[in-house]
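Student: So the sequences go chain by chain: A and B. Terminal number for the first sequence in my numbering: 195, no gaps in between. Terminal number for the second sequence in my numbering: 592, no gaps in between.
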Amino acid sequence: MIAILKYNAGNSTSVKNAVERLGFSCSITNDHDILKNASKVIVPGVGAANTAMSFLKETGLDQLIVALSQPVLGICLGQQLFCTYSEEGDTDCLGIFNTQVKKFPPHKQVPHMGWNTITMQPSHPLFENVAELEDVYFVHSYYCELSNYTIASCEYICTFSAAMQKDNFYATQFHPEKSASVGAKILNNFLQL
Amino acid sequence: MLKKRIIPCLDIKDGRTVKGIKFIDIQDAGDPVLLAKRYVQEGADELVFLDITATQEKRKTWIALVERIAKDINIPFTVGGGINSVEDAKRLINAGADKISINSAAIKNPTLLSDLATQFGRQCVVVAIDIKMENEEWFVFISGGQIATSIKALEWAKQAAFLGAGELLITSMNNDGTKNGFALPILDAISKSVPIPVIASGGAGTQEHFKDLFAQTQVSAALAASVFHFSEISIPFLKNYLKTQHIPIR
């Protein structure tokens with residue numbers, strides 16, 4: 003069973019639809035036991051870091067997430083919540099990735115919205131059977147800095163982490179569930195881990 | 343590099359696509375989901391579905407359709423038509439729409455914009471603006487372009503962006519349906535004056551019109567309906583052509 007975290011931020015339905023299109027069954031849940039026992043956990047995200055983190059702390063989901071041992075995928079805000087700190091609302095996050103989330107300077111249109119090219123680490127299991135350069139769909143105003151965990155990068159105003167991994171934690175700044183066939187492949191690679 | 347987006351628009355009435363379609367290999371051309379899937383395969387970057395159903399009792403059909411679209415379509419899509427309140431928007435977003443587009447309601451009730459942005463995030467909120475040039479000035483029109491206002495296009499565009507719009511969809515009524523090209527000067531002026539993406543609509547007739555739009559203005563996306571529905575322009579050919587013209591295209 004694939005579990006999609008139900009919390010106060012997120013486009014859970016889009017992610018559920020995408021997982022189901024790939025032939026997997028999944029449920030949107032905040033039940034601690036279901037989350038712990040799921041084969042994979044997805045933390046979706048559209049929303050603000052501060053309100054999302056307060057909710058996770060109030061419900062004890064913050065400690066549950068960092069202790070998960072199965073593959074976990076954070077999407078968009080999900081990736082940002084996996085970092086140590088976000089400038090959005092001056093928020094301490096989950097601290098899985100020892101790196102920070104910054105606001106794009108207003109040099110160009112923000113949010114960074116639309117299809118942009120990512121450069122992927124070719125041998126990475128998340129990107130199996132995906133070309134090294136592909137266009138995927140982004141919508142975000144904050145970005146994760148490049149770090150040792152970066153497995154794909156993208157350029158908009160600066161170069162930032164389009165995807166990250168540490169141990170069983172995977173994350174994408176883009177929306178695989180909205181990135182046509184490329185996104186479906188990446189999501190499928192995660193689900194097959 | 344961030345790509346310029348090509349967005350087909352589907353007009354929906356009572357759950358069916360309105361305009362005739364010449365895709366010979368689609369059995370039911372009136373089914374918006376089948377047509378949408380076809381556009382996705384062809385490389386559309388986003389889709390817009392506009393509900394032109396006049397009556398409230400057809401709302402349920404519309405919500406059910408949005409749910410079907412969300413299940414089958416793996417690119418972002420916007421829905422518009424008849425959204426007058428946060429509740430209207432919420433039903434569509436819960437059904438799976440990525441963005442909602444509002445037009446007249448935003449002018450009649452500008453606080454609706456900030457309410458929507460607060461509730462769903464501004465990336466969900468597209469403000470559609472119908473504009474028309476009269477005596478060398480661009481004005482905003484409402485109610486499907488039927489009612490003139492004294493509001494200047496550029497002023498409202500800036501105000502909408504300030505209030506909470508995440509994107510603007512600008513339709514030039516002077517150009518719409520002419521197939522003579524987009525309203526480049528005003529689109530350029532608006533896209534340079536707002537800190538959010540602008541989608542241009544009205545006037546697409548040839549591939550060159552799309553090239554001129556992207557080469558001569560700062561707009562982020564082009565929307566068109568009939569040239570795609572009637573296969574006058576094929577999306578794969580258009581995108582290949584734009585690439586040869588050094589426009590950043592997916």
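Each residue gets a CB set at the ideal place from its N, CA and C atoms; glycine is no exception. Treat the numbers as computed from the prediction; the structure is a model and nothing was measured.
Which residues of the segment 552-575 of chain B have a Cβ closer than 7 Å to any Cβ of chain A? Give them in chain order.
Tutor: If the cut-off is 7 Å between Cβ atoms, the segment 552-575 of chain B has 562 near chain A.
Student: Contact criterion: CB-CB distance below 8 Å. Does residue 3(A) meet it with respect to chain B?
Tutor: Closer than 8 Å: no.
Student: So which residues on chain B does residue 1(A) lean against when the C-beta distance must stay under 8 Å?
Tutor: Only positions 3 to 195 of chain A appear in this structure, which leaves residue 1(A) out of reach.
Student: For residue 571(B), report the span of its alpha helix (DSSP H) as first-last.
Tutor: Its alpha helix (DSSP H) spans residues 568-571.
Student: Of the residues 48(A), 31(A), 28(A), 24(A), which one's Cα is nearest the Cα of residue 176(A)?
Tutor: Among 48(A), 31(A), 28(A), 24(A), the Cα nearest to that of residue 176(A) belongs to 48(A).
Student: My assumption, with CB atoms under 8 Å, is that residue 419(B) sits in contact with residue 388(B). Please give the rounded CB distance.
Tutor: Right, their Cβ atoms sit about 6 Å apart.
Student: Which chain B residues are close to residue 49(A), counting only those with a beta carbon under 8 Å from its beta carbon?
Tutor: Ordered by position in chain B, the residues that pass the 8 Å Cβ test against residue 49(A) are 463.
Student: For chain B, check one thing: does any of its Cβ atoms lie closer than 8 Å to the Cβ of residue 20(A)?
Tutor: It does: the Cβ of residue 20(A) has a partner Cβ on chain B nearer than 8 Å.
Student: Tell me, to the nearest whole angstrom, how far the beta carbon of residue 105(A) is from that of residue 143(A); I am working on the premise that it is less than 8 Å.
Tutor: Indeed they touch by this definition, with Cβ atoms about 7 Å apart.
Student: Taking the alpha carbon of residue 114(A) as the reference point, which residue from 121(A), 139(A), 96(A) has its own alpha carbon closest?
Tutor: Ranking the options by Cα distance to residue 114(A), first place goes to 139(A).
Student: In the segment 537-572 of chain B, which residue ranges form an unbroken beta strand (DSSP E) of at least 3 residues, counting only runs that do not cross its ends?
Tutor: Those beta strand (DSSP E) runs which fall completely within the segment 537-572 of chain B and span 3+ residues are 540-543, 563-566.
Student: Report buried or exposed for residue 146(A), applying the criterion of at least 16 other Cβ atoms within 10 angstroms of its Cβ.
Tutor: It is buried - the Cβ of residue 146(A) has at least 16 other Cβ atoms within 10 Å.
Student: For the alpha helix (DSSP H) containing residue 185(A), name the first residue and the last one.
Tutor: Run containing residue 185(A): 182-193, per the alpha helix (DSSP H) assignment.
Student: For the segment 556-573 of chain B against the segment 530-543 of chain B, do three or more pairs of beta-carbon atoms, one drawn from each stretch, fall closer than 8 Å, so that the two count as touching?
Tutor: Yes: at least three Cβ pairs fall under 8 Å.
Student: For residue 90(A), does the count of other Cβ atoms within 10 angstroms reach 16, so buried, or fall short, so exposed?
Tutor: The residue is buried, with at least 16 neighbouring Cβ atoms inside 10 Å.
Student: Could you check whether the Cβ of residue 434(B) sits closer than 8 Å to any Cβ belonging to chain A?
Tutor: So no, residue 434(B) is outside the interface.
Student: Flag residue 194(A) as yes if its beta-carbon sits less than 8 Å from any beta-carbon of chain B, otherwise no.
Tutor: Not closer than 8 Å to any Cβ of chain B, the Cβ of residue 194(A) fails to qualify, so no.
Student: Report yes or no: is there a C-beta of chain B within less than 8 Å of the C-beta of residue 73(A)?
Tutor: Chain B contact via Cβ: absent.
Student: Straight-line CA distance for residue 88(A) to residue 118(A)?
Tutor: Distance between the alpha carbons of residue 88(A) and residue 118(A) is about 23 Å.
Student: Helix, strand or coil for residue 39(A), going by three-state DSSP, please let me know.
Tutor: Residue state, collapsed to three classes: helix.
Student: Buried or exposed: which applies to residue 513(B), given that a residue is buried once 16 or more other Cβ atoms fall within 10 Å of its Cβ?
Tutor: That one is buried.
Student: When you check each C-beta in the segment 512-539 of chain B against every C-beta of chain A, which residues fall closer than 8 Å?
Tutor: Against chain A - using a Cβ distance shorter than 8 Å - the residues of the segment 512-539 of chain B are 537, 538, 539.
Student: How many Å lie between residue 524(B) and residue 480(B) at the Cα?
Tutor: Their Cα atoms are separated by approximately 14 Å.
Student: What residues in the segment 107-130 of chain A have a beta carbon less than 8 Å from any beta carbon of chain B?
Tutor: Here the close residues are 108, 111, 112, 113, 114, 115, 116, 117, 118, 119.
Student: Between the beta-carbon of residue 511(B) and the beta-carbon of residue 568(B), is there less than 8 Å?
Tutor: No, Cβ-Cβ distance for residue 511(B) and residue 568(B) is not below 8 Å.
Student: Under a three-way DSSP split, which group does residue 479(B) fall into?
Tutor: DSSP places residue 479(B) in strand when its eight states are reduced to three.
Student: Please list, in chain order, all residues of the same chain as residue 575(B) whose beta carbon is under 7 Å from its beta carbon, the five residues on each side excluded.
Tutor: Excluding sequence neighbours, residue 575(B) sits near 549, 569.
Student: The segment 388-409 of chain B: which residues have C-beta closer than 8 Å to a C-beta of chain A, in chain order?
Tutor: Under the 8 Å Cβ criterion, the segment 388-409 of chain B contributes no residue.
Student: Sorted by chain position, which residues of the same chain lie with C-beta nearer than 6 Å to residue 468(B)'s C-beta, five sequence neighbours on each side aside?
Tutor: 420, 441, 443, 509, 511.
Student: With distances taken between CB atoms, is the gap from residue 77(A) to residue 30(A) smaller than 8 Å?
Tutor: In this structure, residue 30(A) does not lie closer than 8 Å to residue 77(A) by Cβ.
Student: Would you identify the three-state DSSP class for residue 461(B), choosing helix, strand or coil?
Tutor: Correct three-state label for residue 461(B): helix.
Student: Measuring straight from C-alpha to C-alpha, what distance separates residue 167(A) and residue 55(A)?
Tutor: Distance between the alpha carbons of residue 167(A) and residue 55(A) is about 20 Å.
Student: Per DSSP, which one or two residues make a beta bridge with residue 18(A)?
Tutor: Bridge partners of residue 18(A): none, in fact.
Student: For the alpha helix (DSSP H) that contains residue 583(B), what are its first and last residues?
Tutor: 577-586 is the span of the alpha helix (DSSP H), which, as asked, contains residue 583(B).
Student: Check the Cβ of residue 158(A) against every Cβ in chain B and list those closer than 9 Å, keeping chain order.
Tutor: Correct list: 343, 344.
Student: Determine whether the Cβ of residue 422(B) lies closer than 8 Å to any Cβ atom of chain A.
Tutor: No, residue 422(B) does not count as interfacial toward chain A.
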